[in-house]
Every structure is written in structure tokens, then in C-alpha cells.
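Residue numbers (the numbering used here): -8 to 342. Have a look at the structure below before the remarks.
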Ligand SMILES: *Cc1c(COP(=O)(O)O)cnc(C)c1O
């Protein structure tokens, strides 16, 4: 606390990101991709003319938005890009959720959403998860000030079909529905095609997970032109240049290499399912996952004890110290070798 802080700053509860250790560890705590980005990205970085940095970047990131529009079969005017999807989400909260009525979100979901609510003074209600840890879409009501959930959800891993989400959209045409698809490329079903029918649907996604570019900070949203224009109004009232020239060029290179993208995603899915079976053999409960992580618990061993023991052995996973998640560890899917180290270490720790 400082007397110099404005009252709004005193009242914040900032998001706490997963640790980025300085020493070498097997890092399975922040859902980064274990594989390098497309080789075209490396070429962009190697050949980028430093002299170009004298100039400001393109304020509308035209070429990157065109490349995204092409990848997702939408119009360029239906695409917004930002400095990580965290920024895109922050803009969406400001643009659409500062309403009289409270917004709705699942009780267990990406923990940044309530942080944005505090920052922007948005009141929110939470919806308890179903008995299979699914987001109960039927519990969202049409009188909400807005609706947000991740699909597949984090850190639970369950995803809904496009058809189920369309049922929700048919019921709630008066408020904006944000579907955060950060993990959709690992086996979820995208609702991007529905933006043509539902002008209140905004889909967000990121280059951080499935495109191996967490360090570059690139995220995007796809939605109707009117929603995209709302995001642009916020962006242009805050920072005209959220995408630097290097990130712009590297992002385009990443989108061009669809083969690399598909190979990485399918390798991660294969490794995830192998790891699931091995953890189950060790007695862990493993939630079904359509993402690049597994949420697990062991009926006989405390999650925080396992977390500490793994850390001492050079393996970093994520433990959330909240009521609902205290018994669980969230384990990002790494390379096959990393996951062998993980399961061998857990085997020693649980025998
Ligand atoms: C990782 C993550 C993000 C943020 O991604 P960035 O683009 O790196 O800011 C957003 N939503 C969910 C659910 C995530 O897990």
C-alpha cells in the first residue's frame, strides 16, 4: 500500500501469472507450446531490417488481419488484433461489459476475467460448473449484462460443441457473448463460423499456445463488424500501436505454415492422451481434456505436497490455491521426453 496510489489501485487484486523460473526446469506450468514456432518465424527474425524500426508500425495491422481473415474464412473487417489475447479480452470487457446489469461467467474459468471486472468496475455473477466439470451453458440467462467463458474451459479442459453454443446464442441476443478459444486448436470445436449469424458473438484466440509464440504477444478476436469497431474504439483511445512491426511480420509467417501448426497440435494431442493413461495407471483422476494441459488429482496425495516435491526435482507444474482447485495440479503437455520425466517422477513420489 502506498499513499500515492489512487483508491482504484488500492482495490485491485491483480492476476498472478505462472512462474518463469530463471534456472533450467522442465516447465509444465503455463501451457506454453514445447515445440518451436514455424521456421518462417525464425527467418523473419533473422532478416528483419533494423532500420524499419525507425518507423511506427501499421496502426491497423492490415496484412496480419488479412492473413487471419483468410485462415478463418471471414472478412478483414471482422478481425481485431492485440498485444496478446489478454489485451484483446481487456478491451472486450471495456467495450461490451461495462453495463448496468452484471455479467456472467463460470465459477471456475480463466482467472483473469474477474481481475478485469475489478479493474473496470464490472459487477459479475458466477455459474457453478456441472457434475462433469462442464460449463453449464443452460444456466446463462438472457438478462445478463454479458457472458464470457473459455471453450474449451481452463483449467478444467472440457469443451462444448458448436451446436451447444449455438443453442445458447439463440437465447441471448441482447448481450455480447465472448467465447475464449485459447485452447480450441487442441481438439475443441471453434464457433468462428457462427459470427456470420450472431452479431453479438465475439471469439478470441491467441498465438501463444497452438502457434508457439507466447513471447511475441499476439492475440486476436473475430466477430461482427460492429463488435470489431467497438474494440477499435477502445484500442484507439489507449494505444494506437499494440502490434509492433516484428510481431506483425512474425505472426504472418506463423499463419502461413499450416503444416507445422497441424503437426504440432496433433503431436501434443497424442502426448496428452499417452500421459493421461500413464497418470491413470498411477492412480490419478484425470479430467478429460481438449486442451494442451491435464487437470489431475490423486486420492491419496496432497496436490501442494506433490507440487513441492516435483519442483525440488526440477519439474514445474501449476497448483491453484483456491477452494475448488486445491486438490488438483494442472500439468501442461510438454514433449514426450518431458512427460516421461514427469510420469517417472510421479511414479516414485506415489509409490
Ligand atoms: C493463455 C490464455 C489466454 C492469454 O493468452 P495471451 O494471448 O498469451 O495473452 C487467454 N485465455 C485463456 C483461457 C488462456 O489460457
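The beta-carbon is built from N, C-alpha and C at its ideal position, and this holds for glycine as well.
Looking at the DSSP output, residue 323 sits in a beta bridge with 284.
Scanning 110, 129, 111 for the CA closest to the CA of residue 119 turns up 129. Non-local beta-carbon contacts of residue 92 in its own chain, meaning distances under 7 Å to residues more than five positions away in sequence, involve 134, 135, 136 in chain order. Judged by DSSP in its simplified three-state form, residue 96 adopts strand. Not one heavy atom of ligand 1 sits closer than 6 Å to the Cβ of residue 341. Remark: the shortest separation between the CB of residue 81 and any heavy atom of ligand 1 does not fall under 6 Å.
Using a Cβ distance threshold of 7 Å, residue 100 and residue 144 count as a contacting pair. The three-state secondary structure of residue 273, taken from DSSP, is coil.
According to the DSSP assignment, residue 299 belongs to the alpha helix (DSSP H) that extends over 294 to 303. The bridge partners DSSP lists for residue 171 are 141, 195.
In this structure, residue 152 keeps its C-beta atom at 7 Å or more from the C-beta atom of residue 24. Rounded to whole angstroms, the Cβ separation of residue 94 and residue 138 is 7 Å, and the two are in contact under 8 Å.
Inclusion of residue 63 and residue 213 in the CB contact set at 7 Å is warranted, their separation being smaller than that value.
Distance from the Cα of residue 9 is smallest, within the candidate group 182, 18, 288, 30, for 18.
Distance between residue 251 and residue 241, taken at the CA atoms: about 14 Å. Ranking 278, 290, 234 by CA distance to the CA of residue 146 puts 278 first. Here residue 265 carries a helix assignment [DSSP, helix/strand/coil]. Secondary structure of residue 115 (DSSP, three-state): strand. Counting along the chain, the unbroken beta strand (DSSP E) around residue 70 starts and ends at 70 to 73. For residue 75, the shortest separation between its Cβ and any heavy atom of ligand 1 lies below 6 Å. For the pair of segments examined, the segment 272 to 289 was found to touch the segment 318 to 328: the number of CB pairs separated by less than 8 Å reaches three. By the Cβ test, the segment 186 to 193 is in contact with the segment 162 to 176, since at least three Cβ pairs between them sit closer than 8 Å.
Between ligand 1 and the CB of residue 313, the shortest heavy atom gap is not smaller than 6 Å. As the crow flies, the alpha-carbon of residue 38 is around 50 Å from that of residue 341. When distances are taken from the beta-carbon of residue 210 to the heavy atoms of ligand 1, the shortest one is below 6 Å. Membership of residue 211 in any alpha helix (DSSP H) is not indicated; the residue belongs instead to the beta strand (DSSP E) covering 210 to 214.
Taken in chain order, the complete alpha helix (DSSP H) segments of 4 residues or longer contained in the segment 199 to 256 are 216 to 226, 236 to 247. Looking at -5, 283, 307, the one whose alpha-carbon comes closest to that of residue 142 is 283. Secondary structure within the segment 15 to 93: the alpha helix (DSSP H) runs of 4 or more consecutive residues, fully enclosed, are 30 to 38, 53 to 63, 76 to 87 (chain order).
Apart from the 5 residues on each side of it in sequence, residue 260 sits with its Cβ closer than 8 Å to the Cβ of 177, 178 in its chain, given in chain order. The C-alpha of residue 215 is placed about 46 Å away from the C-alpha of residue 332.
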